[in-house]
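In the working numbering, the protein residues as written are 83 to 490. In this text, a Cβ means the ideal position worked out from N, Cα and C, and glycines have one as well. This one's a predicted model, so the numbers in the text were calculated from it and none came from an experiment. Heads up: the structure comes next, in structure tokens.
What follows is the structure in structure tokens.
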């Protein structure tokens, strides 16, 4: 059926939020019921979604070209061009306003150095520059605040979104806003940025004029000086609030994306039988604790699930030799039980080395420290030092003795 352009434009104007959301999110609808459900959220209570859907089809707002109902490409392009003027102002726009403010500050500084001259043209020129500075500051503040409001609205829509695909699209949009808009704008308006330095110059010139004799210039300069401080503070506060709301979302998205990439690579390696890439011999950590499991239960469980799922192509053995028994490592508790059976040990560290070996000095010295800390009344430190030989180095330490009678 032939469609008149005026009807299309009239329907778009009447239901602009609905049509704009369809085009912006690239929505596709498999049935009339799905399309009516989407339209209901944009209609007032009591309005007929079925009637609106029929009208959208008749006028051509949605068409069925590949089996699903969706806005035609020309309409998405048309609305995209219209919404460009309502989109976020780029950091370049904010920088342009700041550069204009810098030019006004350059004009104001020599006028402030001369001071107002009532009855002369300089007085009117100062007032004109001050008025233009106020307008420029208001434009910068309104631009940043409006964009922060739009970012807040995008975050709110993301948090209430339930459709997984739309959540991904909205999150991609938020990441783009943070990287390409919010961070560059913060660098411009934050302390140390161009906006801060220009506003400081402007406030200084206004302070000089406000200290002059009573005149219209004095009152106007005092007002502009207050506006500079207030608008700069408000603009920076709004930008930081938006960053505090948007930044954690982007960090979480980046972290989850890294985890997802790692998991997908691991699953691909398992599916392709590339067990070497998983490095199971190093990732299945052995727990050195006498009362704990030999292998982390979480790691072993994950490994067994993987092995059962791919039992037809089992992973290679970690070692070709037959597994051998491993002695339980010594602990301060087991050594203390051994000491309980002895009346006296004149050299505690030497006695510990006989039990645990002399490969490295760290373990015997650490066990001796734990023993003394566990039963301080049962040990006595001698006055002499001696050198204890180990595989890689010698350890010079004070001789400690065990006195079993101390706790009888």
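- In the structure shown, the three-state DSSP call for residue 433 is helix.
- In this chain, the alpha helix (DSSP H) harbouring residue 453 covers 444 to 456.
- Counting the other Cβ atoms within 10 Å of the Cβ of residue 312 gives fewer than 16, which makes it exposed.
- Around residue 283, the same chain offers 187 as residues with beta carbons nearer than 6 angstroms, after the five sequence neighbours per side are excluded.
- Checking the DSSP bridge columns, you'll see residue 111 partnered with 151.
- Looking at the DSSP output, residue 145 bridges to 152.
- Remark: C-beta atoms of residue 302 and residue 209 approach each other more closely than 8 angstroms.
- Contact annotation: residue 327 and residue 185 have beta-carbon atoms that are not nearer than 8 angstroms.
- In the displayed model, residue 471 falls within a strand according to three-state DSSP.
- Per DSSP, residue 179 is one residue of the alpha helix (DSSP H) stretching across 173 to 196.
- For a cut-off of 8 angstroms, the C-beta gap from residue 412 to residue 449 is around 7 angstroms, short enough to register as a contact.
- The Cβ atoms of residue 315 and residue 227 do not sit closer than 8 angstroms to each other.
- Under the DSSP assignment, residue 476 falls in the beta strand (DSSP E) whose first and last residues are 476 to 485.
- Pairing residue 306 with residue 212 gives a Cβ-Cβ distance under 8 angstroms.
- In the displayed model, residue 124 falls within coil according to three-state DSSP, outside both helix and strand.
- Secondary structure note for residue 418: its alpha helix (DSSP H) is the uninterrupted segment 414 to 422.
- Looking only at 128, 195, 129, 106, the smallest Cα-Cα distance to residue 152 is reached by 106.
- For the pair residue 242 and residue 287, the Cα-to-Cα distance works out to about 49 angstroms.
- Your pair residue 182 and residue 218 checks out as a contact, with CB atoms roughly 6 angstroms apart and the cut at 8 angstroms.
- Nearest to residue 473 by alpha-carbon distance, out of 462, 435, 463, 453, is 435.
- Minimum Cα-Cα distance from residue 476 among the listed residues 462, 452, 464, 444 corresponds to 444.
- With respect to the 8 angstroms criterion, residue 154 and residue 136 are not classified as neighbours on the basis of their beta carbons.
- The C-beta distance from residue 238 to residue 179 rounds to 27 angstroms, too long to fall under 8 angstroms, and the pair is not in contact.
- Contact between residue 260 and residue 332 holds, since their C-beta atoms are separated by about 5 angstroms, short of 8 angstroms.
- Assignment of residue 462 by DSSP, reduced to helix, strand and coil, places it in the strand class.
- In the DSSP secondary-structure assignment, residue 426 is bridged to 485.
- Setting aside the 5 residues that flank it on each side, residue 290 is surrounded in the same chain by 194, each with a C-beta closer than 6 angstroms to its C-beta; the list follows chain order.
- Residue 117 sits away from residue 124, with the two beta carbons spaced by 8 angstroms or more.
- In this structure, 229 is the residue among 280, 299, 229, 244 with its C-alpha nearest to the C-alpha of residue 267.
- Taking C-beta atoms as the reference points, residue 470 and residue 479 count as a pair closer than 8 angstroms.
- Annotated three-state conformation of residue 119 is helix, per DSSP.
- Residue state for residue 97 is assigned as coil, using DSSP reduced to three classes.
- With a threshold of 16 other beta carbon atoms within 10 Å, residue 309 meets it and is buried.
- DSSP, reduced to helix, strand and coil, places residue 257 within a helical segment of the structure shown.
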